[in-house]
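What follows is a short report on a single structure.
Protein chains: 2
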Amino acid sequence: MGEAVAEIAWTPKARTILEAASRLFYAHGIAAVGVDLIAEEAGVTKKTLYDRFGSKERLVVEYLRHRDERWREFLDHRLAETPDTPEARLAAVFDASGSWMRDAGGKGCGMVNAHAEISDPAHPAHRVIVDQKAWMLGLFRRLCRDAGLTAPEETARTLMLLHEGALVAHGIGAFPGAVHHARDAALAVFARAR
Amino acid sequence: MGEAVAEIAWTPKARTILEAASRLFYAHGIAAVGVDLIAEEAGVTKKTLYDRFGSKERLVVEYLRHRDERWREFLDHRLAETPDTPEARLAAVFDASGSWMRDAGGKGCGMVNAHAEISDPAHPAHRVIVDQKAWMLGLFRRLCRDAGLTAPEETARTLMLLHEGALVAHGIGAFPGAVHHARDAALAVFARAR
DNA sequence: CCGATTCTATACCGATCTGTATAGTCGCCC
DNA sequence: GGGCGACTATACAGATCGGTATAGAATCGG
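The listed protein sequences derive, respectively, from chains A and B. Residue 127 in numbering that gives the first Met the number 0 sits at position 128 of the first sequence, with consecutive numbering throughout. Residue 116 in numbering that gives the first Met the number 0 sits at position 117 of the second sequence, with consecutive numbering throughout.
The following block contains the structure:
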């Protein structure tokens with residue numbers, strides 16, 4: 000049966016290490032950041048890092064898992080305080096991404112960036128990345144179904160493309176206000192599908 | 000004044016090296032691929048690699064430049080044999096991306112993936128990446144202007160988002176047929192903007 | 001046939017990579 | 001107050017990193 004994955008002991012320093020690693024991985028890429036730098040930035044010895052996480056690979060997985068978790072919580076919270084109309088909820092998703100990008104520095108989607116460096120499906124981080132995209136598509140799908148669209152899956156996929164495109168365009172600086180533009184485009188697509 | 004950039008001597012082996020580097024960089028990421036591996040895959044000594052390219056950084060720049068050049072030629076060629084209606088030309092862009100992804104293995108956009116690893120604007124590869132995206136936006140803009148749209152810039156940006164989103168979704172495997180779906184969505188957006 | 005260019009072969013450089021070993025300090029809980 | 005978990009400090013291992021040095025073989029135009 001499946002091998003039990005070792006639990007992380009979430010001591011205070013473990014969290015500090017993960018925060019430093021998250022910041023560095025996102026800003027400079029995963030392969031470009033060494034464990035020595037992470038330990039130094041976290042104000043911790045390498046021994047502590049390896050006592051907590053065991054390997055760099057595991058630290059990468061926790062980075063992506065945590066980032067995914069924070070994003071879902073952030074989005075859920077935003078949606079919870081949004082009027083329960085399909086249009087408002089759709090707009091809230093894109094607005095949340097806009098805020099997220101504004102706060103987090105905005106180098107685009109961390110999952111997409113990680114996927115550029117980790118293509119091997121056998122890598123444990125691969126599932127985290129793919130799962131997050133499946134979850135986002137599911138979110139759009141639910142939104143379209145709840146609105147009673149005639150072709151919810153089709154529209155959900157189009158919304159997904161606009162959303163992914165917005166994160167990329169923002170990250171690379173293709174044009175200013177990409178996420179907000181995507182929001183308007185998504186609302187237009189949505190209105191026409193009703 | 001601007002420092003003259005050293006010319007590459009495009010000897011047969013130089014091309015072989017660039018082909019190997021391109022394949023490896025795209026498949027595994029830039030930082031993950033060492034010059035020793037590139038030389039070995041190209042059937043060449045490291046000395047030859049450095050005689051031709053001088054540094055890994057330069058090889059990376061040439062990788063992106065060449066990829067960009069090949070893409071533009073590929074797309075121009077496709078557009079040249081496309082009926083001169085705005086709809087057909089728009090569809091041809093997405094169809095070209097679909098073919099490109101089908102042939103090249105489909106790990107998404109090489110520029111976006113490179114940008115995940117190279118964020119520093121001072122890096123000489125940064126301009127190549129940003130320029131390619133500006134060129135693509137310009138292509139969509141011209142297409143919208145030629146069609147006499149009332150708001151060509153707005154529509155061009157939406158098309159750009161759908162296109163970028165399609166490459167990401169395809170690369171990450173969000174759902175099957177992402178590029179073809181984007182094509183249909185783009186045509187719908189375009190039709191409505193006329 | 002000469003000389004320049006392209007390339008092979010191989011060994012090396014210092015730095016950095018992930019990961020481990022050893023020894024010891026601090027604080028907290030039973 | 002004794003043991004245990006979390007942590008520091010430091011040194012090291014073996015591999016790999018980008019890049020260089022030296023020497024020589026193959027090719028080719030003048």
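Note that the Cβ used here is the ideal one computed from N, Cα and C, for glycine as well.
- Scanning the region 14-71 of chain A for uninterrupted alpha helix (DSSP H) segments of 4 residues or longer gives 34-41 and 45-52, listed from N- to C-terminal end.
- The alpha helix (DSSP H) runs of length 4 or more contained entirely in the region 72-128 of chain B are, from start to end of the chain, 85-102 and 109-116.
- DSSP places Ala146 (chain A) outside both helix and strand once states are collapsed to three, so it counts as coil.
- Pairwise C-beta distances place the region 140-155 of chain B out of contact with the region 114-126 of chain A, as fewer than three of them are shorter than 8 Å.
- Interface criterion met: the Cβ of Cys108 (chain B) is under 9 Å from a Cβ in chain A.
- In terms of beta-carbon proximity, Lys46 (chain B) stays away from the interface with chain A, with every pair separated by 9 Å or more.
- Using a CB distance cut-off of 9 Å, Met100 (chain A) does not count as an interface residue toward chain B.
- Interface flag for Phe174 (chain B) against chain A is set, since a Cβ pair is found closer than 9 Å.
- Counted as a single uninterrupted DSSP element, the alpha helix (DSSP H) harbouring Ala168 (chain B) occupies residues Pro151 to Ile171.
- Against chain B, the beta carbon of Ala31 (chain A) has neighbours under 7 Å at Ala30 and Glu116, listed in chain order.
- Closer than 9 Å to the CB of Ala87 (chain A) there is not a single CB belonging to chain B.
- For Arg191 (chain A), a Cβ of chain B is located within less than 9 Å of the residue's own Cβ.
- Beyond the five residues adjoining it in sequence on each side, Leu186 (chain A) comes within less than 8 Å, by CB distance, of Glu86, Leu89 and Ala90 in the same chain, given in chain order.
- Val178 (chain A) carries a helical assignment under DSSP once its states are collapsed to helix, strand and coil.
- Contact of Ala181 (chain B) with chain A by beta-carbon distance below 7 Å involves Leu160.
- Interface residue (Cβ-Cβ distance to chain A less than 9 Å): Lys132 (chain B) is classified as such.
- For the set B:Val178, B:Trp134 and B:Glu116, the Cα lying nearest the Cα of Phe24 (chain B) is the one of B:Glu116.
- The alpha carbon of Lys12 (chain B) has as its nearest neighbour, out of B:Glu6, B:Leu48, B:Ala30 and B:Asp35, the alpha carbon of B:Leu48.
- Pairing Gly33 (chain B) with Ile128 (chain A), the inter-Cα distance amounts to about 25 Å.
- Within chain A, the residues whose beta carbon sits less than 9 Å from that of Ile171 (chain B) are Met110, Val111, His114, Ile128, Val129, Lys132 and Glu163, listed in sequence order.
- Annotation for Ala173 (chain B): Val167 place their beta carbon closer than 8 Å to its own, counting only its chain and skipping 5 residues before and after.
- Looking at B:Arg156, B:Pro151, B:Thr154 and B:Gly164, the one whose alpha-carbon comes closest to that of Thr157 (chain A) is B:Gly164.
- Any Cβ of chain B closer than 9 Å to the Cβ of Arg156 (chain A) would place that residue at the interface, and such an atom is present.
- Shown here is that no member of the region 57-89 of chain B has a Cβ falling below 8 Å from a Cβ of chain A.
- Here DSSP, grouped into helix, strand and coil, assigns Ala5 (chain A) to coil.
- Chain-ordered, the chain A residues with CB closer than 7 Å to the CB of Leu136 (chain B) read Ala173 and Phe174.
- No Cβ-Cβ contact shorter than 9 Å links Arg69 (chain A) with Trp134 (chain A).
- Among the residues facing chain A, Val4 (chain B) is not included, as its CB has no counterpart in that chain under 9 Å away.
- Residue state for Arg140 (chain B) is assigned as helix, using DSSP reduced to three classes.
- A residue is called buried when at least 16 other Cβ atoms come within 10 angstroms of its Cβ; Val188 (chain A) meets this threshold and is buried.
- Between Ala26 (chain A) and Gly104 (chain A), the C-beta gap is smaller than 9 Å, which places the two residues in contact.
- Exclusion of the five residues before and after Gln131 (chain A) leaves Asp67 and Met110 as the residues of its chain whose Cβ lies within less than 6 Å of its Cβ.
- For a Cβ distance threshold of 9 Å, residue set Glu116, Ser118 and Asp119 of chain A lies close to His27 (chain B), ordered along the chain.
- Within the model, the alpha-carbon separation for Phe93 (chain A) versus Lys46 (chain A) is close to 41 Å.
- For Ala168 (chain A), the chain B residues whose Cβ falls inside 7 Å of its Cβ are Met159, Leu160 and Glu163, in order along the chain.
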